Each structure stands twice: as structure tokens, then as C-alpha cells.
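Structure, as C-alpha cells:
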Amino acid sequence: MKIDDLVTKYIRGAERVVNEIEPLPDEVHLNEQEVTTVFDWAKRYLEDAKYYQDKGKLETSLTSVAYCEGLLDALRLLGAVEFSW
1 MKIDDLVTKY IRGAERVVNE IEPLPDEVHL NEQEVTTVFD WAKRYLEDAK YYQDKGKLET
61 SLTSVAYCEG LLDALRLLGA VEFSW
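Just so you know, we're using UniProt numbering here: the sequence shown kicks off at 1 and counts up by one.
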């Protein structure tokens with residue numbers, strides 16, 4: 001898949017979710033298991049990024065590391081973890 005097609009695919013998917021998402025509750029509470037689950041997903045995306053980089057699939061690698069960063073940023077913005085880029 002060409003990079004332009006890949007970008008278009010992910011933009012369309014994100015637009016759909018943004019348009020369909022339900023209103024959020026006033027407060028969001030995460031327990032330790034939920035934080036751990038999201039963090040584990042972030043680590044898996046990082047491993048995927050390294051795997052695809054080694055295979056020369058750089059578009060997929062970039063997408064995977066961007067997902068990883070997005071999950072880490074979400075945890076930080078929710079106050080579940082602390083770090084800086």
C-alpha cells in the first residue's frame with residue numbers, strides 16, 4: 001500500500017470515530033488494571049514498529065509507533081503516567 005493510501009485510510013477511520021463517538025461522562029476513572037492494559041498495548045505497538053522497520057515496511061512501522069505514542073499521550077493526559085517527550 002502506498003503511503004498516500006495508508007494516510008487516507010487512517011484519516012477516514014479517525015474521522016468516522018470522531019463523528020460517531022458518544023459524549024463522555026463528567027469524570028473518567030481508570031483503575032490500575034485498565035492503565036496496565038493500555039500500557040501493554042502501547043508496548044506491543046512499539047514492538048510491531050521495530051519488527052516492521054526491520055522488514056523494510058516503513059509505512060507500517062511509522063503507523064505502529066504513532067499508535068504507541070498516541071496511547072502513551074492518552075495515559076499522560078488522563079494523569080495515569082508521567083513523562084515528557
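Ideal Cβ positions, reconstructed from N, Cα and C, are used throughout, including at glycine.
Note that the structure is predicted; figures quoted are calculated from it, not measured.
| query | result |
| --- | --- |
| Span of the alpha helix (DSSP H) around residue 17 | 3–20 |
| Whole-Å CB distance - residue 48 paired with residue 64, under 8 Å assumed | 4 Å |
| Rounded straight-line distance, which links the Cα of residue 56 to that of residue 27 | 43 Å |
| Outcome for residue 71 when other beta-carbon atoms lying within 10 angstroms are tallied against a minimum of 16 | buried |
| Local Cβ density within 10 Å of residue 14, reported as buried at 16 or more and exposed below that | exposed |
| Sequence ranges, alpha helix (DSSP H) only - wholly within the UniProt domain "DUF357" (9–79), length at least 4 | 32–54, 58–77 |
| Cα-Cα separation between residue 2 and residue 75, rounded to whole angstroms | 31 Å |
| Expected contact under 8 Å - CB spacing of residue 61 and residue 52 to nearest Å | 4 Å |
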